[in-house]
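One structure is given here, and the rest of the page talks about it.
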């Protein structure tokens, strides 16, 4: 018995390697539910089996892994779904309750035997059967989602929230500068998720609904769901991003500047290392989040040594509607997020429906009409506030006239007019990463 207990203690530490030293979970929310749920069961078993002398949660990395469930969410029931995490998955309430009991001394709710309507997967309900003597770990505190932000500085993942009430209301976002490790990673450096009133309206659409023989072999990144084409990041001179985990091993997270305050959070970071493009001199993404104005702006700045093609993209599982040559909105029937695009170079926009691994989503491409040596593309996301509504109404009525960089309609391609003109590509060709490390 002692032999197996020692082996369990030793090898269970391998699981904690799926978390960064700053507490970020590389495998995402869904695999936290699976992995940490089992880790919590093992913890209780070892605690009871050692006569309450060994508690794995006292390991500092274990406590950080536990608090990932308290700190990563943008709001109640709302968290970014990077990598292979399914789109609508949130932290399992049963396992989160164990975390609360272990660190925050939250009273334990009574257990009720599940009925047939809840499903008969008893393994899922095992954490509810933990004994009343769940140990408490002292000295570990967190403000959780009541904090205005959670910045995982080593991993390079930033979560920003509109207020300190943790009520799920308002405009929130999560952006990743890194955070890629292991087999569930996507090529998504610079990706993000933006939500309005806890509804995720644009950004990363998450992982596949099933796995097949190509999911974890050298064909994995042929899928637009997993390569960068299906993420809200640039395509550089026809090249997609290189394999993200390798990029980060070689270059790390490259932050050029950041500033956090009660009103505004901003972070500027380097994307050049993600693209194996020999003519690329520099590529940065600047993310600015204004709580006061319910406004997010993302600006990509690119420089080439010779004229090259450049495109950007918006991604969503929700409804997209064009309102002008450079504007539109995402909507799910409950909330609306207005979008304005601007650039110092002429561009056009076109929407295409993609489907991969049973996940259907829309990619709105932003295409510069000419090859450039330098350009900036800025996307503004306007949330629901009095100021934001005024901005959206003004920009929608004047966008095609007020910005000379927008080509007139006679010069634009399908999909940039005021109608929701969307091309359908139900079975897109698998796109291979161009270049790699």
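Numbering (this note's numbering), first residue to last: 3 to 439.
All C-beta atoms in this analysis are idealised placements derived from N, C-alpha and C, irrespective of residue type, glycine included.
Note that the structure is a prediction, hence the values are computed from the model and not measured.
For the set 350, 298, 191 and 135, the Cα lying nearest the Cα of residue 248 is the one of 191. When secondary structure is reduced to three states using DSSP, residue 55 falls in the coil class, being assigned neither helix nor strand. Taken through DSSP and simplified to helix, strand or coil, residue 89 comes out as coil. In the displayed model, residue 217 falls within coil according to three-state DSSP, outside both helix and strand.
Annotation for residue 67: the continuous alpha helix (DSSP H) segment containing it runs 62 to 73.
Three or more beta-carbon pairs separated by less than 8 Å are not found between the region 37 to 55 and the region 161 to 180, which leaves the two stretches without contact.
Rounded to whole angstroms, the Cβ separation of residue 22 and residue 204 is 26 Å, and the two are not in contact under 8 Å. By the CB criterion at 8 Å, residue 385 and residue 270 fall outside the cutoff. In the three-state reduction of the DSSP assignment, residue 204 falls in the strand class, which pools E and B.
Taking 8 Å as the cut-off, the Cβ atoms of residue 369 and residue 338 do not count as close.
The Cβ atoms of residue 227 and residue 361 lie closer than 8 Å to each other. Using a Cβ-Cβ distance cut-off of 8 Å, the region 201 to 215 and the region 141 to 149 are not in contact, since fewer than three pairs of beta carbons, one from each stretch, lie closer than that value. The alpha-carbon separation between residue 252 and residue 325 amounts to approximately 42 Å. Around residue 284, the same chain offers 272, 274, 303, 304 and 305 as residues with beta carbons nearer than 8 Å, after the five sequence neighbours per side are excluded. Between residue 345 and residue 377 a beta carbon distance of about 6 Å is seen, short of the 8 Å cut, so the two are scored as contacting. Counted as a single uninterrupted DSSP element, the beta strand (DSSP E) harbouring residue 351 occupies residues 349 to 358. Runs of the alpha helix (DSSP H) lying entirely within the region 253 to 290, each at least 4 residues long, are absent. Membership of residue 13 in the alpha helix (DSSP H) is indicated by the continuous run 4 to 17. Nearest C-alpha to residue 222 among 199, 85 and 288: 85. The shortest C-alpha to C-alpha distance from residue 343 to any of 194, 334, 358 and 367 is the one to 367. Residue 382 places its beta carbon less than 8 Å from that of residue 341. Residue pairing by DSSP places residue 102 opposite no residue, since no beta bridge is assigned to it. Contact annotation: residue 201 and residue 250 have beta-carbon atoms that are not nearer than 8 Å. By the neighbour-count criterion, in which a residue is buried when 16 or more other Cβ atoms sit within 10 angstroms of its Cβ, residue 164 is buried.
Counting of Cβ neighbours within 10 angstroms places residue 45 among the buried residues, the total reaching 16 or more.
Residue 302 carries a strand assignment under DSSP once its states are collapsed to helix, strand and coil. When DSSP states are grouped into helix, strand and coil, residue 30 belongs to the helix group. For residue 218, the CB contacts under 8 Å within the same chain, skipping 5 residues up- and downstream, are 185 in chain order. Taking residue 333 as the centre and dropping the five residues before and after it, the same chain places the C-beta of 321 closer than 6 Å to its C-beta, in chain order. The alpha carbon of residue 63 has as its nearest neighbour, out of 142, 231, 135 and 138, the alpha carbon of 142. Residue 265 counts as exposed, since fewer than 16 other beta carbons sit within 10 angstroms of its beta carbon.
Around residue 30, the same chain offers 84, 85 and 87 as residues with beta carbons nearer than 6 Å, after the five sequence neighbours per side are excluded. The three-state secondary structure of residue 345, taken from DSSP, is strand. Between residue 139 and residue 71, the CB-CB gap reaches or exceeds 8 Å.
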